[in-house]
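J.: Everything in the sequence shown is counted per the numbering used here, starting at 1097 for the first residue and increasing by one. Just so you know, even glycine gets a beta-carbon here, dropped at the ideal spot from N, CA and C. On a predicted model such as this, the values are computed, not experimentally measured, just so you know.
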Amino acid sequence: MIFPYTVRYGKPLFRLAARKGGNVADRIAANPGGDPHRPCICIGQTVAVAPGRTMEAVDTANPYDYERMMEDLGLLKQRYPFLAVESIGGSVLGKTIPSIRIGSGPAEVHYNGSFHANEWITSLLLMKFIEDYASAYVNGAPLGAWDVRPLFEQTSLWIVPMVNPDGVELVLRGLSRENPYYRQLMEWNCGLQDFSGWKANIRGVDLNDQFPAHWEIERDRRGIPGPGPRDYTGMAPLSEPEALAMAEFTKSRNFQLVAALHTQGKEIYWNYRDLEPRESEAIACRLASVSGYEAVKLHDSDAGYKDWFIQEFRRPGFTVEAGLGVNPLPVSQFGEMYREIAPLLLEGLASVSIKS
């Protein structure tokens, strides 16, 4: 079987082979006349992708940036046309923030990743989950211990894999002199060219301290006077386009449960100022049971996405801290993290499908 693939970024056939499975000979055979060492003729051209040793679209062996994510979304959409891909808005630098819907059921669930730039591995976790979930559904195969067909038919899962694309690009690609915030970013980063530890968006605002859930208390608690790598709440709630896009997107849907993926700690935070519904703790315990993480009742934290969701909708909301170590967690941890996170994401869907 030959899969069509529309080229989003010019790249040599040998790199396409490495990303999409198979070898250079497979690619040349499927695309006669192509030079394996030159970029595929032009952006927008459709090429044939023949199956090789693996047909996995999402490469989990390398750092995951915005370009790679958008390329993978194009391939996944072609392979699984039932995926609904749309934009929820744009970043400060104008990058589209995509959402992906998978499933056709009435119970709506939302997962997101990369609120924090140096937690980009959460985008990779979610993108791999999309691929595995879609593949299992199409092939009638289990995903881990789960039969995904009932979940697909009873729930609609909306995933925003990369809330902070500008920040992720800064962490993984560094700072270009062409960046309109070059001078400010160098100043905010104390003159250092290393941005690998950067959490904020491109304007130095922590997007997970941007939501109108006792924002003023969080601002005073943080005590950060201005833009920087982390913990600056901004001048006002939802001042940043990425946070505003997430708030508007959430209000436009009828989510029964949300979870924001972050990294480090292997913990699940499930409460907010006693505003969470009664079932939140029980769901958190089930998420903890399938992942091996600890369900934690968190105090002295405000203005996060999960906090705002619970406050506004009185429905279960969770912050999941995946993996252990110092951010950014290395991609070498991906396999272990995914084995823990995938069952948790499925359990989240099951928690609402039971009610539907």
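#1: Tell me, please, whether the stretch 1419-1427 touches the stretch 1216-1233 by the rule of three or more beta-carbon pairs shorter than 8 Å.
#2: Taking residue 1220 as the reference, which of 1259, 1236 and 1315 has the closest Cα?
#3: So, at 8 Å on beta carbons, what are the nonlocal neighbours of residue 1234 in its own chain, with the 5 sequence-adjacent residues on each side left out?
#4: Looking only at its chain, what residues have a beta carbon closer than 6 Å to the beta carbon of residue 1340, apart from the 5 residues adjacent to it on each side?
#5: So, at 6 Å on beta carbons, what are the nonlocal neighbours of residue 1394 in its own chain, with the 5 sequence-adjacent residues on each side left out?
#6: Can you say whether residue 1178 is buried or exposed, counting buried as having 16 or more other CB atoms within 10 angstroms of its CB?
#7: What are the start and end residues of the beta strand (DSSP E) that includes residue 1208?
#8: Check the DSSP bridge columns for residue 1253 and list the partner residues they point to.
#9: Say the cut is 7 Å; is the CB of residue 1304 nearer than that to a heavy atom of the ligand GDP?
#10: With distances taken Cα to Cα, identify the nearest neighbour of residue 1159 among 1192, 1202 and 1292.
#11: Skipping 5 residues on each side, what residues in its chain have a beta carbon closer than 8 Å to that of residue 1388?
#12: In whole angstroms, what separates the C-alpha of residue 1478 from that of residue 1297?
#13: Only counting the same chain, and skipping five residues up and downstream in sequence, which positions put a Cβ closer than 7 Å to that of residue 1330?
#14: Across the stretch 1272-1286 and the stretch 1310-1317, are there enough close Cβ pairs to call them in contact, namely three or more that are closer than 8 Å?
#15: Buried or exposed for residue 1262, please, with buried defined as at least 16 other CB atoms from any protein chain shown within 10 angstroms of its CB.
#16: Which residues does DSSP pair with residue 1358 in a beta bridge?
#17: Within a Cβ cutoff of 8 Å, which residues of the same chain sit near residue 1238, ignoring the five residues on either side of it in sequence?
#18: Tell me the rounded alpha-carbon separation between residue 1099 and residue 1169.
#19: Buried or exposed: where does residue 1445 fall if 16 or more other Cβ atoms within 10 Å of its Cβ makes it buried?
#20: How would you write the range of the alpha helix (DSSP H) that residue 1229 sits in, first residue to last?
#21: Suppose contacts are defined by Cβ-Cβ distances below 8 Å. Is residue 1304 in contact with residue 1400 by that definition?
#22: Which of helix, strand or coil does DSSP assign to residue 1289?
#23: How is residue 1192 classed by DSSP in three states: helix, strand or coil?
#24: On the three-pair Cβ rule with 8 Å, is the stretch 1376-1390 touching the stretch 1343-1352?
#25: May I ask you to report which of helix, strand or coil DSSP gives residue 1298?
T.: Working from what's here:
#1: yes
#2: Of 1259, 1236 and 1315, the residue nearest in Cα terms is 1259.
#3: 1176
#4: Within the same chain, residue 1340 has close Cβ partners 1334.
#5: 1365
#6: exposed
#7: 1203-1208
#8: 1198 and 1205
#9: Only the bare structure without any ligand can be found here, which leaves the ligand GDP out of the picture.
#10: 1292
#11: 1362 and 1436
#12: The chain is shown only over 1097 to 1452; residue 1478 falls outside these bounds and no answer can be derived.
#13: 1301, 1306 and 1336
#14: no
#15: buried
#16: 1417
#17: The answer, listed in chain order, is 1232 and 1244.
#18: Unreliable placement is indicated for residue 1099, whose pLDDT of 43 sits below 50; the coordinate value is still reported in the next sentence. One C-alpha to the other measures close to 15 Å.
#19: Classified as buried, residue 1445 has 16 or more neighbouring CB atoms from the shown chains inside 10 Å of its CB.
#20: 1217-1235 is the span of the alpha helix (DSSP H), which, as asked, contains residue 1229.
#21: yes
#22: coil
#23: strand
#24: no
#25: Correct three-state label for residue 1298: coil.
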